[in-house]
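*Asks:* Take this structure, written in structure tokens, and hold onto it; I'll ask about it next.
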Amino acid sequence: MGRGDNLTILYPPGCREVTEDIGPDEMIRRLKTLAHTLQSMGQDDGAYQEYVPLAMHIADDFFLSYPSRDVQLLIACCIADVLRVYAPEAPYKDPAQVKTIFMFLIKQLGGLKDPKNPAFKRYFYLLENLAYVKSFNMCFELEDCQEIFCKLFKLMFNIVNDEHSGKVKSFMLDVLCPLINESDLVSNDLLDIILSNVLEPAKTQRKNAYFLAKELVIKCSDTLEPYIQGFFNHVLILGREEKTLTISQKVYDLIYELNHICPSVLLAVLPQLEFKLKSSDEDERYGSVSLLARMFSEKDSTLALNHKLLWIAFLGRFNDISIKIRTKCVQYSMHFLLNHPLLRKDITDTLKLRQHDSEESVRYEVVMAIVSTAKKDFSIVSDSEDLLNFVKERTLDKKFKIRKQAMCGLAMIYKKHLNSPDVPPATRLAVTWIKDKILHGYYMTTIDDRLLVERLLNTCLVPYQLPPEDRMKKLFYLYATIDDNASKAFIELQKYQQIVRKNVAELVELHRKPQDEERDREITKLLGLLTKFLPDPLKVQEFLRKFSQHLQTDPQLLILMETVISSDVSCKDSVEAVTQILKKLGQPVMTNLYYNTIKMLLERVSSVMVDQTAIDSLVGLVEGALHGVEPILDSLNLPSDIATEKGLKLLFVLSFVYPAHFLHRDILRRLINLLRVPNPSISPPVLSILTYIGKYKPIGEICPELVDILVPVCQKFAESGQPKQAKHAVRCLHANCVLDADDAFDKILEKIKEQLTFDSPHFRTSVVTLGHIAIHMPQRFLVPIKNIVSRKIVKELLMRNQTTGHTPGIIGDDGNEWLEEEELTEETIVKMEGIKMMARWLLGLRTDEISAQKTFRMLNAFILHKGDLLETGKMLKVEMAHLRLSSGTAMLKICEQKGVGDQYTAEQFFNLSRLMNDESPQVRGRFALKLHKGLGRGIPLKCLPLDFMGFYALAGLETDRQLRSAFRQYMIADITKRRDYIRSITMSGGNEKASGQLHSIMPDYMLVFAIPLLAHCPDFKDPTDISQLTQIRSALWFILEPLMTKTDVYCFGFYKALVEQMKNHKDAVKPEDEITNQKLWAVCDLAMGLILTKTTSFEMKVFPSDLRIPPLYFKKHEDPNFVNVISYLPYELQVTAPKGSTKMLTGVTKKMSNTLTTAKSTAPAAKAKIDATRLSDEDSTMDEDSSSLANNRKRGRGTFSLSNDMDDDEDKDSITVNSGLPSASSTFPVAKKGRMGPSVNAPTNSVNSYLPKETNGKT
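Quick note: the sequence shown uses the working numbering, first residue 130, plus one each step.
Next up, the structure:
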């Protein structure tokens, strides 16, 4: 029908014809009338057939493409009504025309975008009309229907917005849903349009489109399911991606969203992911793992329960070969733990493996996951001890980053869950070990770990922001409930901070002096020393120098630093001063390394935990615990006796570190009043506290009236108190009395003279008191005490058995049963105290060589006679064991003191070493512990001389595995301490001083003492006995292994030359005894064999020390040309020099039958090959006559000890930590010569002069 053929077109009544020749305005008026009329028509079957030509007319291209939008809208409304009226048989039959019409209608629906449009009502009517009769269903019969639908769906998603009402959105769905539910096909393009709107960025940027697509998927889920499944099969299983589809690039995101929107459509898809989890392609596995981790872990997700096999396959990815996949799995662990109680066991089991993962990032995420879980819901972690145990294990991780995260996490948990008074018992129990574990971190060797523990102590364990009373409650509870190792770490932490504080105080003090070269040199030295207390010393040195310059140019900064390091600064003032200092250092950002370096230093030196107010509160808490005040005991959750003991120990520690804060009249009075408490365990720690206060500043100078109260109390303890009370009372009086000390001690001495008999109940106390008076005031009572020692202690006590207590049966018939000291007879205990008293007396005298020699002879006799000095044969074995142990430890203590400690003979030295192999395991263990303490008590000025390191060789003969392990730990700790000290003085520029001390410090020299000790070992009797030699070789390797392996300071040339020179000497004790010399030389051969077979690098590097052979144990051969090239070992134990190690090795055979007899006959021929002149020159410098021993014997000394006492009780009361923690000295020690002195000097400082001119082709 032509556009101009209007004759056959019939219009409804009241409607005028619509033609091309009318104007736009008139056309709009006529179309409005027509549209209104059509709108009023109902759906009557067969009616309105006369209007079919009209319907065809208004669908003409002229109207569909009319320039006016209003005309197009009215035409669209009319066509929509036509479709409604004539439904289901529309008058439009031509497919091309139908497509054109619906494309036109879709275009008109775009007007829905703006609800504010005046014509919006007509657009809405159009939408409603199309939805009402499902007009778009006509397109199903068209070949291009999917194209039409895609355009319609795309339009709807583009125009829907926040301004649309719910009715508009509902009609949109009514238009769209039938096109899916009633269609025979849903194309991939249409599926892509729908599903892309549930993904990002539409999900967040076009939320209305997302909700429209979401509703569409829900309403059409049954129809869409096979198409969605087909799409995923195509992509996941067949691996065919259609790049034109947006959703092909976001498959896993789509699955995640669909699982949220309508899980039912994925029922057949999810099992397919199991194949992706096991794919050989890492990216595919990673994508599927990321998806499933989100889906499984979400709150209220039942996916894991409904898909067991998929869940098991997912758990297997925790052990994937890919690091990023394992990391991704672990990262979601927190969500599993928080959201899914039923899955916690599975996740815990997988984390157990992953916390040991070889990749640090995975281990880090394990810690993060558990800590994050604990922060959000601690009950989850407290119910599963394994989870927190994983974090506990990671506090020992080899990577500091992981250790730090584990420690910080535990500290935050502790702070959060134990600061509340309403913490459930189960929670409190679950985290009770956290404080221990954090403090154990101080045992780590790096400065970073120590700084971390110090920071966590002040911020989490005992938060410095708390008021003083609350802060002290936290500190009291902490110290009262930590274990012994944590307690030692806390003490070491306080000591270490005190050392740093002292060095910084010296630096600040130097900046107050006028500038000159000497001052600048001292500042440089101190800055070098301070670098040891901060991480990465080489880097921080620059910033410390900058800070020093800052102090010189900024007087205000200097004043603030003086405030920070002041001994009596309050915590509040300290925090404020630190804050002001940091403001002067620039912005607190990570890139400001200067700021961060000085901040670390200030953290170590600032006093933010303890001040006078805090000490006052703490004393009050201890008093409350002592008197059983319920609120205090309830807050501590401890019984009164334990709380009192721990509280006094805490005060004792703090009195050493912060004595200035105790110097307040009220605090001192309250402490002195505690001495009146009848409980004998209270007074010793209180007296120790007062002693440390007095060492800082005598109480007699500050509060003379308090001393008048203190003196009679201490005097009573010294005369008739318990031994512990007596010991500490003497110390307290000596430290605090300024004027009346002599009178008080005169009275005490007169009183105890009368009590030095078993008739007095205070015999033991009197002996203890006498010993401490002797060590503290040796010159004041020189003659009286010497007489008492000679007559009372030696003749009457030690050399006589005055009671019947030494006969068997007094204690029991089992002579092999070990008893502790307090279970022994009184006479034995007093004898032991008498031995200790003599040791203290000698330590006080310092230089009385005659008395020292006599004492050594007597103590040696105790050891030789196994504790039964008088050889009565009536003593119990346990008493004899205690007496020889006391004698041995007394000898060790005396040997720490230069002067009197140098008077022992080689034979006495060998006899003392027998205690390392004593028949009693308790004696061996305790003696070795005393040896370890003596060797580590401050190097090199106050420790045992290096000779005693040789004792560890005898520990190599130990058969008890536990003891052997302990001895090894002691030895390694002592070796490490000496090497650390050498490294520290070398780094600080003290090379000259270091070279003068090396022979008395270097652990490598312990071999010089170990060899004669092993040669004189009582079990080594025959130098040809293979079994005995094998044991000796095992003992040698026990000490050589830590010296030779896993160290960069081992020098093959030094050890080889050292052993060769020892073998060129005779035994100093029995120089003419052939068997003794052969044993010595056999041990040298064993040592050389180990050196040759265990050395991996034969590089002839220069050793930092010259060779020295101690004349106390080695005697120079009469023949100056003597070179011992004979092997004294049986053929089975002889070794062949490795190829390339050397061309001439003395005492080493090359697989020939060289027995001791034939070796002797060939010795002259061997000697003839040696350059006699050269050896004569060298040997003349290698030895000296041993008659000059007493004058030449000197040694290095330790630098730091809180106490010079030597008995077990003192070790418990002192703040000396024997835990393997490295200790720092506040000042560098003065150079001293070693025990071997100048007696043996090599011609040069290099060992090369003792070696062949050519080794393995190298000069």
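Beta carbons: idealized from backbone N, C-alpha and C, even for Gly.
All of these numbers come straight from a predicted model, not from anything done at the bench.
(1) Buried or exposed: which applies to F191, given that a residue is buried once 16 or more other Cβ atoms fall within 10 Å of its Cβ?
(2) Sorted by chain position, which residues of the same chain lie with C-beta nearer than 7 Å to S316's C-beta, five sequence neighbours on each side aside?
(3) Between the C-alpha atoms of L586 and Q1026, what's the straight-line distance to the nearest angstrom?
(4) Under 8 Å Cβ to Cβ from R446, same chain only, skipping five residues before and after it: list those, please.
(5) Is the region 278-289 close to the region 227-241, with three or more CB pairs under 8 Å?
(6) Please report the distance separating the alpha-carbon of L1262 from that of S1226.
(7) With DSSP as the reference, please indicate the residues paired to D515 in a beta bridge.
(8) Could you check what DSSP says for H1194 in three-state terms: helix, strand or coil?
(9) For the beta strand (DSSP E) containing K1199, name the first residue and the last one.
(10) Can you name the start and end residues of the beta strand (DSSP E) that K1244 belongs to?
(11) Put W1210 into one of helix, strand or coil per three-state DSSP.
(12) In whole angstroms, what is the alpha-carbon distance linking Y140 and F249?
(13) Can you tell which of T352, E638 and G776 has its C-alpha closest to the C-alpha of Y608?
(14) So what's P400 in DSSP terms, helix, strand or just coil?
(15) Within 10 angstroms of its Cβ, does N766 collect 16 or more other Cβ (buried), or is it exposed?
(16) Quick one: measure Cβ to Cβ for Y543 and R579, integer angstroms, because I've assumed they're closer than 8 Å.
(17) In chain order, what are the residue ranges of uninterrupted alpha helix (DSSP H) at least 4 long that sit wholly in the region 864-907?
(18) Among residues of its own chain, excluding the 5 on either side of D515, which ones have a beta-carbon nearer than 6 Å to its beta-carbon?
(19) Excluding the five sequence neighbours on either side, which residues of its own chain have a C-beta within less than 6 Å of the C-beta of R1093, listed in chain order?
(20) Can you confirm whether the region 1143-1152 touches the region 1202-1219 when touching is taken to mean that 3 or more C-beta pairs between the two stretches lie within less than 8 Å?
(21) When you compare only the Cα positions, how much space is there between D1076 and F985?
(22) Distance check for F233 and V227, CA to CA, integer angstroms please.
(23) Give me the residue from L948, A1035, N930 and E149 with the minimum Cα distance to L999.
(24) Scan the region 756-826 and note each continuous alpha helix (DSSP H) run of 4 residues or more that stays entirely inside, going in chain order.
(25) Following the continuous alpha helix (DSSP H) through V633, name the residue where it begins and the one where it ends.
(26) For R557, tell me which candidate among G1218, T1153 and H546 has the shortest Cα-Cα distance.
(27) Do V398 and S377 have their C-beta atoms within less than 8 Å of each other?
(28) Round the Cβ separation of P1132 and R1097 to the nearest angstrom and send it over; I've been treating them as touching at under 8 Å.
(29) Classify E149 as helix, strand or coil using the three-state DSSP reduction.
(30) Looking at the secondary structure, which residues open and close the alpha helix (DSSP H) in which W970 lies?
(31) Flag this pair as yes or no: are the beta carbons of Q401 and I441 separated by less than 8 Å?
(32) Are the region 754-762 and the region 780-795 in contact at 8 Å, needing three or more beta carbon pairs?
(33) Thinking C-alpha only, which one of K263, G171 and T954 is nearest E1008?
(34) Out of curiosity, what's the CA-to-CA distance linking L525 and L539?
(35) In its own chain, which residues sit with a C-beta less than 7 Å from the C-beta of L803, not counting the 5 before and 5 after it?
(36) In whole angstroms, what separates the C-alpha of P1171 from that of D1103?
*Replies:* According to the structure data:
(1) Here the question's residue 191 lines up with position 62 in the sequence shown. Around the beta carbon of F191, fewer than 16 other beta carbons sit within 10 angstroms, so the residue counts as exposed.
(2) The residue you call residue 316 lines up with position 187 of the sequence shown. In the same chain as S316, and ignoring 5 residues on each side of it, the C-beta atoms closer than 7 Å to its own belong to Q275, in chain order.
(3) Residue numbering aside, residue 586 sits at position 457 when the sequence shown is read from its first letter. Residue numbering aside, residue 1026 sits at position 897 when the sequence shown is read from its first letter. Approximately 38 Å between the Cα atoms of the pair.
(4) Taking the first residue of the sequence shown as position 1, residue 446 is located at position 317. Excluding residues within five positions, the ones whose Cβ falls inside 8 Å are L406, R414, V418, I454, R455 and C458.
(5) They touch, by the three-pair rule.
(6) Counting from one through the sequence shown, the residue named residue 1262 turns up at place 1133. Counting from one through the sequence shown, the residue named residue 1226 turns up at place 1097. Answer to the nearest angstrom: the Cα atoms are 22 Å apart.
(7) For the purposes of this step, residue 515 is taken as the residue at position 386 of the sequence shown. Answer by DSSP bridge pairing: none, since D515 is not bridged.
(8) If you number the sequence shown from 1, residue 1194 lands on position 1065. H1194 falls in the strand class under three-state DSSP.
(9) Within the sequence shown, the letter at position 1070 stands for residue 1199. Looking at the DSSP string, K1199 is not in any beta strand (DSSP E), and its letter there is neither H nor E.
(10) What you label residue 1244 is simply residue 1115 of the sequence shown in a count that begins at 1. That run of the beta strand (DSSP E) goes F1243 to K1245.
(11) The sequence position of residue 1210 within the sequence shown is 1081, counting from 1. Residue state for W1210 is assigned as helix, using DSSP reduced to three classes.
(12) Counting from 1 along the sequence shown, the entry for residue 140 is found at position 11. Counting from 1 along the sequence shown, the entry for residue 249 is found at position 120. Roughly 27 Å between the two C-alpha positions.
(13) Reading the sequence shown from its first residue, position 479 is the one you call residue 608. For the residues T352, E638 and G776, the minimum Cα distance to Y608 belongs to G776.
(14) Within the sequence shown, residue 400 is the residue found at index 271, counting from 1. DSSP places P400 in helix when its eight states are reduced to three.
(15) For the purposes of this step, residue 766 is identified with residue 637 of the sequence shown, where counting begins at 1. By the neighbour-count rule (16 or more Cβ atoms within 10 Å), N766 is not buried but exposed.
(16) Residue numbering aside, residue 543 sits at position 414 when the sequence shown is read from its first letter. Residue numbering aside, residue 579 sits at position 450 when the sequence shown is read from its first letter. That pair is no contact at about 19 Å.
(17) The DSSP assignment places 870-883 and 892-905 as complete runs of the alpha helix (DSSP H) inside the region 864-907, in order along the chain (cut-off: 4 residues).
(18) Looking up residue 515 in the sequence shown gives position 386. Answer for D515: T477, listed in chain order.
(19) Numbered from its first residue, the sequence shown carries residue 1093 at position 964. So the list reads E1087, once near-sequence residues are dropped.
(20) In this structure the region 1202-1219 lies against the region 1143-1152, because at least three pairs of beta carbons, one per stretch, are closer than 8 Å.
(21) Position 947 of the sequence shown, counted from the start, is the residue given in the question as residue 1076. Position 856 of the sequence shown, counted from the start, is the residue given in the question as residue 985. Distance between the alpha carbons of D1076 and F985 is about 17 Å.
(22) Here the question's residue 227 lines up with position 98 in the sequence shown. Here the question's residue 233 lines up with position 104 in the sequence shown. In this structure, the alpha-carbon of V227 lies about 10 Å from that of F233.
(23) As a position in the sequence shown, residue 999 is number 870, starting the count at 1. For the residues L948, A1035, N930 and E149, the minimum Cα distance to L999 belongs to N930.
(24) Considered as a whole, the region 756-826 harbours 759-765, 769-786, 794-803 and 812-825 as its complete alpha helix (DSSP H) runs of no fewer than 4 residues, in chain order.
(25) The residue labelled residue 633 in the question sits at position 504 within the sequence shown. It spans D613 to L639 - the alpha helix (DSSP H) in which V633 sits, taken as one unbroken run.
(26) Counted from its first residue, the sequence shown places residue 557 at position 428. Distance check between R557 and each of G1218, T1153 and H546 places H546 closest, using alpha-carbon atoms only.
(27) For this step, residue 398 is matched to residue 269 along the sequence shown. For this step, residue 377 is matched to residue 248 along the sequence shown. Not closer than 8 Å, so no.
(28) Here the question's residue 1132 lines up with position 1003 in the sequence shown. Here the question's residue 1097 lines up with position 968 in the sequence shown. With a Cβ gap of about 14 Å, P1132 and R1097 do not count as contacting.
(29) To locate residue 149, count along the sequence shown from 1; it is residue 20. In the three-state reduction of the DSSP assignment, E149 falls in the coil class, being assigned neither a helical nor a strand state.
(30) As a first step, residue 970 is located in the sequence shown; it is residue number 841 there, counting from the start. Segment E955 to L974, the alpha helix (DSSP H) holding W970.
(31) For this step, residue 401 is matched to residue 272 along the sequence shown. For this step, residue 441 is matched to residue 312 along the sequence shown. Between Q401 and I441, the gap from beta carbon to beta carbon reaches 8 Å or more.
(32) Using a Cβ-Cβ distance cut-off of 8 Å, the region 754-762 and the region 780-795 are not in contact, since fewer than three pairs of beta carbons, one from each stretch, lie closer than that value.
(33) Here residue 1008 corresponds to residue number 879 of the sequence shown, with the count starting at 1. The residue with the shortest Cα to Cα distance from E1008 is T954.
(34) Counting from one through the sequence shown, the residue named residue 525 turns up at place 396. Counting from one through the sequence shown, the residue named residue 539 turns up at place 410. Going by C-alpha positions, L525 is about 13 Å away from L539.
(35) As a position in the sequence shown, residue 803 is number 674, starting the count at 1. Cβ within range, chain order: I811 and V815.
(36) Position 1042 of the sequence shown, counting from 1, holds the residue named residue 1171. Position 974 of the sequence shown, counting from 1, holds the residue named residue 1103. Cα-Cα distance, rounded: 11 Å.
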